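Numbering (the working numbering), first residue to last: 1153 to 1826. Just so it is clear, CB atoms sit at the ideal spot from N, CA and C, and this is done for glycine as well. Please read these numbers as outputs of a predicted model, since none were measured by experiment.
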């Protein structure tokens, strides 16, 4: 029998009926169906793209810590710092270094390290974010480092002022609190002399900014960026093209302000119990200076103001020293008592006029050739002093990188102090970078504010009887800091800038400062104004030192003279013990002595912008008048739940409230005790 073949499946898919029907269609029908397919394809593509755009968040987490995290915001190209777990906005940083529309992709070059995020814009810059050890308990810190990949790349990060009040950084000509309303063109973040460059930065400067959202920005010490302040918009850090240096800073976030405020611990310090009287008499000769000093002392005694310190300026000090009226150590005689029973303060600077005997003597002998800052010589060349202008004269400046020069300078200061019978020595001209001012490359040790830092450390060896004109990274040293001169008027360059300056200095750790003379020392629009003198006097009564330029008997009537005596007594009996008490807290915890209103109300936005009152520690609130002609003001009492006693009226008020139109006559300054 024949076996019937078994039917096997060939594996071919039989053509469907609709394909067979399509083949039988005419050409017009085939074209119509093809168009329909293309339309469906485009519709699906657009839908997918739209779905991705809607689903994809405009923000992408790039690094998370325990309490906060960093995000990249697409579109404008910004780094965002958010507090966790709620995602509270802390800081927005507009990035000007790279194309804003190019977001970091999911690729992370540091993916193997959970504590870092790295991304490179291959034609511009590299960004590295890293979790860093906390600067203080209860904080979380992130390092931000931009590195240029081409020499013509400018690195620039701008920190938003939207919903953030900023404090710290540099002092400026018309000091504000907070910095949001300050304006400054882009310039190196280096201290300077505001009397010669009002648009520059002042003598006290730290690379530290504090935001009201609990964030700090600290610029790395190994870079010197440019800084600009754009009023009510942002402040920017920038590394200009051509330097090939990174932009490097640290962000720290904390929910509690006192814990993340700067921790400035220092040794024991004693405030001045008596006022400073600045000598402005004749300086034509040593004889005239001695006669003028004796006349000032007689007048102070006559007006029952015979306690204090007479401050002799640099010119007067130089004339007395040059005239050889200073007794040499070889004469075993008592130093001249120029201002008994008062004490004497003399003034020096690291500058020497090129025609002065001091400069010419220092050049005698080859060993003194390096005593002054010099341009780097060519191979085989000799040192040429870097000349600069100081008080209208062409001068050389002390070379603080030379141990021999510093030793010679400090020995001279000690000799003059002892020979002239001075209790204090003030040093002017400590601020500024002479190389930067003349666009000359500086030695690595003197880059940025290196000069101020090195000289301050050397002067601290003279003891806590030393006064310097500047401060940067030196708040831990036992030095008094002379506050910059203010104008004799009611503006922020004058009286209105005094309390913002007090808060600024104290926040940065410079709690023992000497304010400018009562009434201001720079000519203003209202010189010799008795009301201005009185309102100024009422503020400095509560500061570490009371300083006078114009004596009260020259500017005002007998009533003001009597008020001056009362204020000096109040400073000695009430303020000095208070400062000593809170200086112990400063030494142990690093808290500032003079505190802003938000110190007791850290979550109240009203407190963030108050610049015309201040706290001494946590227990005394001073709210003076700073407007001409006013005898009332609004007073914010911080600290909800606290009670405040008006020392003038004995009335008690609740904290966390504002007293509207509170009376303060010309003879009164509102002071409240918690």
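Counting only runs of 4+ residues fully inside the region 1558-1633, write out the alpha helix (DSSP H) ranges in chain order.
Those alpha helix (DSSP H) runs which fall completely within the region 1558-1633 and span 4+ residues are 1586-1589 and 1602-1611.
What residue range does the alpha helix (DSSP H) around residue 1657 cover?
In the chain shown, residue 1657 corresponds to position 505, counting from 1. Start and end: 1650-1659.
Should residue 1757 go down as buried or exposed, given a rule of 16 or more other Cβ atoms within 10 Å for buried?
Taking the first residue of the chain shown as 1, we reach residue 1757 at position 605. Exposed is the call here.
Just to confirm my understanding: we take residue 1675, look at its own chain, exclude 5 residues before and 5 after, and list those with CB closer than 8 Å. What are they?
Counting from 1 along the chain shown, the entry for residue 1675 is found at position 523. Cβ within range, chain order: 1639 and 1640.
Where does residue 1791 fall in DSSP's three states?
The residue given as residue 1791 occupies position 639 in the chain shown. In this structure, residue 1791 counts as coil in the three-state DSSP scheme.
One question on the structure: do residue 1568 and residue 1473 come within less than 7 Å of each other, judged by their Cβ atoms?
The sequence position of residue 1568 within the chain shown is 416, counting from 1. The sequence position of residue 1473 within the chain shown is 321, counting from 1. Yes, the pair counts as a contact, with Cβ atoms nearer than the cut-off.
What does the Cβ neighbour count give for residue 1810, buried or exposed, with the cut at 16 atoms within 10 Å?
If you number the chain shown from 1, residue 1810 lands on position 658. That one is exposed.
When the Cα atoms are used, what is the spatial distance from residue 1200 to residue 1234?
For the purposes of this step, residue 1200 is taken as the residue at position 48 of the chain shown. For the purposes of this step, residue 1234 is taken as the residue at position 82 of the chain shown. Because residue 1200 sits at a pLDDT of 43, beneath the cut-off of 50, its placement in the model cannot be relied upon, and the point is left open.
Going by the CB atoms, is the gap between residue 1680 and residue 1707 shorter than 7 Å?
Indexing the chain shown from 1 puts residue 1707 at position 555. Indexing the chain shown from 1 puts residue 1680 at position 528. Yes, these two residues count as a Cβ contact at 7 Å.
Thinking C-beta only, is residue 1728 closer than 7 Å to residue 1425?
On the chain shown, residue 1425 is found 273 positions in, with the first residue counted as 1. On the chain shown, residue 1728 is found 576 positions in, with the first residue counted as 1. In contact: residue 1425 and residue 1728 (Cβ atoms closer than 7 Å).
Less than 7 Å between the C-beta atoms of residue 1745 and residue 1627, yes or no?
Numbered from 1 along the chain shown, position 593 holds the residue referred to as residue 1745. Numbered from 1 along the chain shown, position 475 holds the residue referred to as residue 1627. Cβ atoms of residue 1745 and residue 1627: not closer than 7 Å.
Who are the near neighbours of residue 1250 in its chain, counting only those whose CB is closer than 7 Å to its CB and skipping five residues on each side?
Numbered from 1 along the chain shown, position 98 holds the residue referred to as residue 1250. If we look at residue 1250 and ignore the five residues flanking it on each side, its Cβ neighbours are 1229, 1273, 1276 and 1277.
Among 1491, 1361, 1468 and 1475, which has the Cα closest to the Cα of residue 1459?
Counting from 1 along the chain shown, the entry for residue 1459 is found at position 307. Nearest option by C-alpha distance: 1491.
Would a C-beta distance cut-off of 7 Å place residue 1750 and residue 1760 closer than the cut-off?
Sequence index remark: in the chain shown, residue 1750 carries index 598 (1-based). Sequence index remark: in the chain shown, residue 1760 carries index 608 (1-based). Result yes, Cβ atoms of residue 1750 and residue 1760 sit closer than 7 Å.
Helix, strand or coil: how does DSSP classify residue 1725 here?
In the chain shown, the residue the question calls residue 1725 occupies position 573. Helix at residue 1725.
Given residue 1261, which residues of its chain have a CB within under 8 Å of its CB, disregarding the five upstream and five downstream residues?
What you label residue 1261 is simply residue 109 of the chain shown in a count that begins at 1. Excluding sequence neighbours, residue 1261 sits near 1270, 1271 and 1272.
Return the CA-CA distance between residue 1598 and residue 1290, expressed in angstroms with no decimal places.
The residue labelled residue 1598 in the question sits at position 446 within the chain shown. The residue labelled residue 1290 in the question sits at position 138 within the chain shown. Roughly 35 Å between the two C-alpha positions.
If I measure Cβ to Cβ from residue 1631 and keep anything under 6 Å in the same chain, skipping five residues before and after, which residues do I get?
Position 479 of the chain shown holds residue 1631. If we look at residue 1631 and ignore the five residues flanking it on each side, its Cβ neighbours are 1612, 1618 and 1620.
In the DSSP assignment, the beta strand (DSSP E) including residue 1293 goes from what residue to what residue?
Along the chain shown, read from residue 1 onward, the residue named residue 1293 stands at position 141. 1292-1300 is the extent of the beta strand (DSSP E) around residue 1293.
What do you get for residue 1636, buried or exposed, if any count of 16 or more other CB atoms within 10 angstroms of its CB means buried?
Reading the chain shown from its first residue, position 484 is the one you call residue 1636. With 16 or more Cβ atoms within 10 Å of its Cβ, residue 1636 is classed as buried.
By DSSP, does residue 1441 sit in helix, in strand, or in coil?
Residue numbering aside, residue 1441 sits at position 289 when the chain shown is read from its first letter. Correct three-state label for residue 1441: helix.
Excluding sequence positions up to five away, which residues of its chain have a Cβ less than 7 Å from the Cβ of residue 1442?
Along the chain shown, one-based indexing puts residue 1442 at 290. Excluding sequence neighbours, residue 1442 sits near 1490.
Would the region 1363-1381 and the region 1307-1318 be scored as touching if the rule is three or more Cβ pairs under 8 Å?
At 8 Å Cβ cutoff, the stretches touch.
From which residue to which residue does the beta strand (DSSP E) around residue 1268 run?
Within the chain shown, numbered from 1, the residue matching residue 1268 stands at position 116. First-last of the beta strand (DSSP E) with residue 1268: 1268-1273.
On the CB-based measure, 16 or more other CB atoms within 10 Å of its CB, does residue 1798 come out buried or exposed?
Translated into the one-based positions of the chain shown, residue 1798 becomes position 646. Residue 1798 is buried by the Cβ-count criterion.
DSSP on residue 1775, reduced to helix/strand/coil?
Numbered from 1 along the chain shown, position 623 holds the residue referred to as residue 1775. Here residue 1775 sits in coil by DSSP.
According to DSSP, simplified to helix, strand and coil, what is residue 1711?
Walking along the chain shown from the start, residue 1711 turns up at place 559. Residue 1711: helix per DSSP, three-state reduction.
In the region 1328-1401, which residue ranges form an unbroken beta strand (DSSP E) of at least 3 residues, counting only runs that do not cross its ends?
For the region 1328-1401, whole beta strand (DSSP E) runs of length 3 or above, ordered along the chain, are 1336-1340, 1357-1363, 1367-1371, 1378-1382 and 1386-1391.
Buried or exposed: which applies to residue 1825, given that a residue is buried once 16 or more other Cβ atoms fall within 10 Å of its Cβ?
For the purposes of this step, residue 1825 is taken as the residue at position 673 of the chain shown. Under this definition residue 1825 is an exposed residue.
Among 1764, 1790 and 1601, which one has its Cα closest to the Cα of residue 1372?
Stepping through the chain shown from its first residue, residue 1372 is reached at position 220. Of 1764, 1790 and 1601, the residue nearest in Cα terms is 1601.
Tell me whether the beta-carbon of residue 1430 lies closer than 7 Å to the beta-carbon of residue 1393.
Locating residue 1430 in the chain shown gives position 278, counting from the first residue. Locating residue 1393 in the chain shown gives position 241, counting from the first residue. Cβ distance not < 7 Å, so residue 1430 and residue 1393 don't count as in contact.
Evaluate residue 1218 with the Cβ neighbour count: other Cβ atoms within 10 Å of its Cβ, from every protein chain shown; 16 or more gives buried, anything less gives exposed.
Within the chain shown, residue 1218 is the residue found at index 66, counting from 1. With fewer than 16 other Cβ atoms within 10 Å, it is exposed.
DSSP on residue 1226, reduced to helix/strand/coil?
Start at 1 with the first residue of the chain shown, and residue 1226 comes out as number 74. Residue 1226 falls in the coil class under three-state DSSP.
Where does the unbroken beta strand (DSSP E) through residue 1428 begin, and where does it stop?
Here residue 1428 refers to the residue found at position 276 when the chain shown is read from its first residue. Unbroken beta strand (DSSP E) run through residue 1428: 1428-1430.
DSSP state of residue 1200, grouped into three classes?
The residue you call residue 1200 lines up with position 48 of the chain shown. With a pLDDT of 43 at residue 1200, under the threshold of 50, the modelled position of this residue cannot be trusted, and the question is left open.
State whether the region 1645-1662 contacts the region 1791-1807, with contact taken as three or more CB pairs (one from each stretch) at a distance under 8 Å.
The answer is no - the region 1791-1807 does not touch the region 1645-1662, with fewer than three Cβ pairs under 8 Å.
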